[in-house]
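Student: First, the structure itself, so that you have it in front of you.
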């Protein structure tokens, strides 16, 4: 079940983010595992702006995954999507992305974008399976995001910007 996030969900979102980072440690990406989740005030701002959603296994059981989105270069941008490791393989993240795709279509946006690790199996290859393609010439907003990621030390493995066109937009 996917629903709009509530401010009361913010502490759970931060815990989901911490847990979702741990598998990166197993492949040598401690920089990701050690990164602090977005501050509560930042997550609350996404909630208030109507650009944060959570997935629950069933109504009222609490979030097991979440997605926050921005508008970047005229597209809906997946700023973060995270799922509890114990819930992997259940297509929860995919459901959140499809929810965002519907939200974007309703607003006449042409595409979804994101940045990710190219070679991490649950990143780059996963996004390709969901219809995303590498952007060779990202717009200024995505370039700024990539520059910020590099400044945070996230470029220890190859990263890329990706885009998925939305039919009917």
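In the working numbering, the protein residues as written are 3 to 171. The C-beta atom is built at its ideal place from N, Cα and C for all residues, glycine as well.
#1: Assuming residue 87 and residue 22 make a contact with CB atoms under 8 angstroms, what is their CB distance in whole Å?
#2: Helix, strand or coil: how does DSSP classify residue 29 here?
#3: What does residue 7 pair with, by DSSP beta-bridge criteria?
#4: Using DSSP with H/G/I as helix, E/B as strand and the rest coil, what is residue 49?
#5: Can you tell me which of 82, 27, 168 puts its alpha carbon nearest to the alpha carbon of residue 44?
#6: Pick helix, strand or coil for residue 169, following the three-state DSSP scheme.
#7: If residue 49 and residue 12 are in contact, beta carbons under 8 angstroms, what's the gap, nearest whole angstrom?
#8: For the beta strand (DSSP E) containing residue 70, name the first residue and the last one.
#9: For residue 74 and residue 143, I'd like the C-alpha separation in whole angstroms.
#10: Helix, strand or coil for residue 88? Go by DSSP, reduced to three states.
#11: Relative to the alpha-carbon of residue 34, which residue among 62, 42, 24 has its alpha-carbon at the smallest distance?
Tutor: Working from what's here:
#1: For the purposes of this step, residue 87 is identified with residue 85 of the chain shown, where counting begins at 1. For the purposes of this step, residue 22 is identified with residue 20 of the chain shown, where counting begins at 1. Rounded, the Cβ-Cβ distance is 7 angstroms, consistent with contact.
#2: As a working mapping, residue 29 is identified with position 27 in the chain shown. Residue 29: coil per DSSP, three-state reduction.
#3: Walking along the chain shown from the start, residue 7 turns up at place 5. The partner list for residue 7 (beta bridge, DSSP) is empty, contrary to what the question assumes.
#4: Along the chain shown, read from residue 1 onward, the residue named residue 49 stands at position 47. Helix.
#5: Against the chain shown, residue 44 aligns to sequence position 42. Among 82, 27, 168, the Cα nearest to that of residue 44 is on 82.
#6: As a working note, residue 169 is residue 167 in the chain shown. In the structure shown, residue 169 sits in coil (DSSP, three-state: anything other than H, G, I, E or B).
#7: Counted from its first residue, the chain shown places residue 49 at position 47. Counted from its first residue, the chain shown places residue 12 at position 10. About 7 angstroms; that satisfies the 8 angstroms criterion.
#8: Here residue 70 refers to the residue found at position 68 of the chain shown. Start and end: 65-74.
#9: For the purposes of this step, residue 74 is taken as the residue at position 72 of the chain shown. For the purposes of this step, residue 143 is taken as the residue at position 141 of the chain shown. Those two C-alpha atoms are separated by around 6 angstroms.
#10: Here residue 88 refers to the residue found at position 86 of the chain shown. Looking at residue 88 - three-state DSSP - the assignment turns out to be helix.
#11: Working through the chain shown from its first residue, we reach residue 34 at position 32. Taking only the C-alpha atoms, the option nearest residue 34 is 24.
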